[in-house]
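Heads up, the thing below is written out as structure tokens.
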Ligand code: UDP
């Protein structure tokens, strides 16, 4: 109603400039958020790097604004994620500031326009600095779980109390105040060859709200109530749980690789709940030996499987013989559609936050094999809080893999995990119905954007 009144008076709704972090697991939720905010009347501009940017043709309602950064694809592909993020935060600041200044100049004459509001991925903290310098409002989007974000605030204390750098002997001990996380689950664990100071600087910077007016988290009360409550106590600004974003509005693909749709036809021929879907997301990778053990374990389990192996994976020489007839390998799958397929009975996952939410919302129980970053936190939530996943031993031995697959796909234990994850899925469906907690949170966010 207020929106109609504003329009009658010649007031447009606010222009939002989204600044996604250019990795698949970050681009997806940011564009899903863009679709949601567009559906409630905001105009959306996506300011993107030249590296890994989404296809504008899939998003005809959005305006795309390239940031003329100095990081090229060929540089970025040889760097690790934390280094790319550091570089982007240095090289994108001035070009974003220039582009926004030009937009503001153009719109200065039109008094009906409010200043744009910047919604930036927490990892792209240069965008907050630009907003601050241009006196524009800004809001941070967190694309991880609330539980992960909460861990960032504990690092200064853990450092003071001598728990950091992490010690091998303490890796299985519980982290004080972060039950049920163990030290090895912390998102700064398991970054090989990384200097702790650099990781801590980055996490401190990404969790520092500075001049932003609010935080949006891609999560929901009924999944993470206590973490959200603690996060709200920790932060000086409102925290809005707006998720799971992929379930709210139909969204065109924002995939950086082309979906191989042949897997859907293949799934159509398989029996109900029989197929294990295997994917380690868009970044994690395995060496030849790990891939050999995975292939042996999958084949020996005698369950059909659909396995995403991204281009560039280095396969062992005997890979095709190991795979046999039961499995289908694709380079990139339409994951949400795969998880919703009735033939899928389980998901062996690296537990990226998007994959975690997508599996829960499809009611598919998981084998949890986190590799780095926030994945261990998510895996711990899946196995020890919601109890809808099995933990896979990180040593990856084929006999253990085979056992885990059989436990998930064939045993009573797997049935119980499936029952629990379907319960969780139904709870989320209730909370995202009109009038329920999701819409209250969205309405509060809308007010916040209009008033900041
Ligand atoms: N994804 C996909 N097809 C694939 C593999 C992954 O569409 O074959 C999507 C998946 O649905 C999810 C995203 O890529 O939305 C991966 O994000 P996630 O947070 O799970 O992991 P990350 O790639 O960031 O490690």
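Numbering (the UniProt record's numbering), first residue to last: 23 to 474. Built from N, CA and C at the ideal position, the CB exists for glycine as well.
Among residues of its own chain, excluding the 5 on either side of residue i, which ones have a beta-carbon nearer than 6 Å to its beta-carbon?
| i | result |
| --- | --- |
| residue 319 | 420, 423, 424 |
| residue 385 | 443, 444, 447 |
| residue 46 | 278, 304 |
| residue 440 | 387 |
| residue 30 | Any reading at residue 30 must be qualified, since the residue scores a pLDDT of 46, below 50, and its modelled position is unreliable; no value is offered. |
| residue 83 | 60 |
| residue 373 | 390, 392, 397, 400, 401 |
| residue 265 | 240, 241, 242 |
Is it buried or exposed, residue i, if we count other Cβ atoms within 10 angstroms and call 16 or more buried?
| i | result |
| --- | --- |
| residue 238 | buried |
| residue 294 | exposed |
| residue 433 | exposed |
| residue 32 | Low local confidence applies: a pLDDT of 40 at residue 32 is under 50, so the model's placement there is unreliable, with the coordinate-based value given in what follows. That one is exposed. |
| residue 255 | exposed |
| residue 325 | buried |
| residue 20 | Residue 20 is absent from the structure shown; the chain starts at 23 and stops at 474. |
| residue 91 | buried |
| residue 128 | exposed |
| residue 290 | exposed |
| residue 251 | exposed |
| residue 219 | exposed |
| residue 223 | exposed |
| residue 162 | buried |
| residue 55 | buried |
| residue 272 | exposed |
| residue 150 | buried |
| residue 463 | buried |
Give the DSSP-derived three-state secondary structure of residue i in the structure shown.
| i | result |
| --- | --- |
| residue 370 | strand |
| residue 94 | coil |
| residue 197 | coil |
| residue 285 | helix |
| residue 184 | coil |
| residue 271 | coil |
| residue 164 | strand |
| residue 66 | strand |
| residue 85 | strand |
| residue 147 | coil |
| residue 324 | coil |
| residue 413 | strand |
| residue 354 | coil |
| residue 297 | strand |
| residue 75 | coil |
| residue 236 | strand |
| residue 423 | helix |
| residue 30 | For residue 30, the pLDDT reaches just 46, beneath the cut-off of 50, and the residue's location in the model is therefore unreliable, although a value from the coordinates is still provided. Of the three classes helix, strand and coil, the one that applies to residue 30 here is helix, per DSSP. |
| residue 40 | strand |
| residue 382 | helix |
| residue 329 | strand |
Would you report the Cα separation of residue i and residue j, rounded to the nearest angstrom?
| i | j | result |
| --- | --- | --- |
| residue 467 | residue 139 | 13 Å |
| residue 38 | residue 68 | 8 Å |
| residue 413 | residue 87 | 42 Å |
| residue 390 | residue 193 | 18 Å |
| residue 366 | residue 298 | 6 Å |
| residue 346 | residue 108 | 43 Å |
| residue 436 | residue 417 | 22 Å |
| residue 244 | residue 368 | 23 Å |
| residue 364 | residue 431 | 14 Å |
| residue 168 | residue 285 | 33 Å |
| residue 57 | residue 123 | 25 Å |
| residue 246 | residue 355 | 28 Å |
| residue 190 | residue 469 | 48 Å |
| residue 42 | residue 93 | 15 Å |
| residue 341 | residue 456 | 49 Å |
| residue 410 | residue 157 | 45 Å |
| residue 276 | residue 85 | 15 Å |
| residue 322 | residue 333 | 25 Å |
| residue 79 | residue 173 | 38 Å |
Please return the same chain residues whose Cβ sits closer than 7 Å to the Cβ of residue i, not counting the five positions on each side in sequence.
| i | result |
| --- | --- |
| residue 59 | 38, 66 |
| residue 426 | 389, 412, 414 |
| residue 486 | With the chain represented from 23 up to 474, any question about residue 486 goes unanswered, as that position is not in the structure. |
| residue 449 | 244 |
| residue 282 | 352, 353, 354, 355 |
Can you find the residues in the same chain that come closer than 8 Å, C-beta to C-beta, to residue i, ignoring five residues on each side of it along the sequence?
| i | result |
| --- | --- |
| residue 309 | 336 |
| residue 338 | 310, 311, 313, 314, 317, 344 |
| residue 101 | 109 |
| residue 204 | 193, 194, 195, 196, 197, 402 |
Please indicate yes or no: does the CB of residue i lie closer than 7 Å to some heavy atom of ligand 3?
| i | result |
| --- | --- |
| residue 451 | Absence of ligand 3 is noted for the structure shown, with ligand 1 being the only ligands found. |
Legend entry - Inter-stretch contact (C-beta, 8 Å, three-pair minimum) for the segment 226–236 and the segment 145–154: As far as the Cβ criterion goes, the segment 226–236 touches the segment 145–154, which means the pair count is three or higher.
Inset, instruction - Assess, as a yes-or-no matter, whether the segment 371–386 is touched by the segment 185–205 under the definition of 3 or more beta carbon pairs within less than 8 Å. - result: Per the Cβ contact rule, the segment 185–205 is not in contact with the segment 371–386 (fewer than 3 Cβ pairs under 8 Å).
Legend entry - Three CB pairs or more closer than 8 Å across the segment 329–336 and the segment 237–257: In short, these stretches do not touch, since the Cβ pair count stays below three.
Inset, instruction - Answer yes if the segment 196–215 comes into contact with the segment 168–181, meaning at least three C-beta pairs across the two stretches below 8 Å, and no otherwise. - result: Contact between the segment 168–181 and the segment 196–215 is present: 3 or more CB-CB pairs across the two stretches fall below 8 Å.
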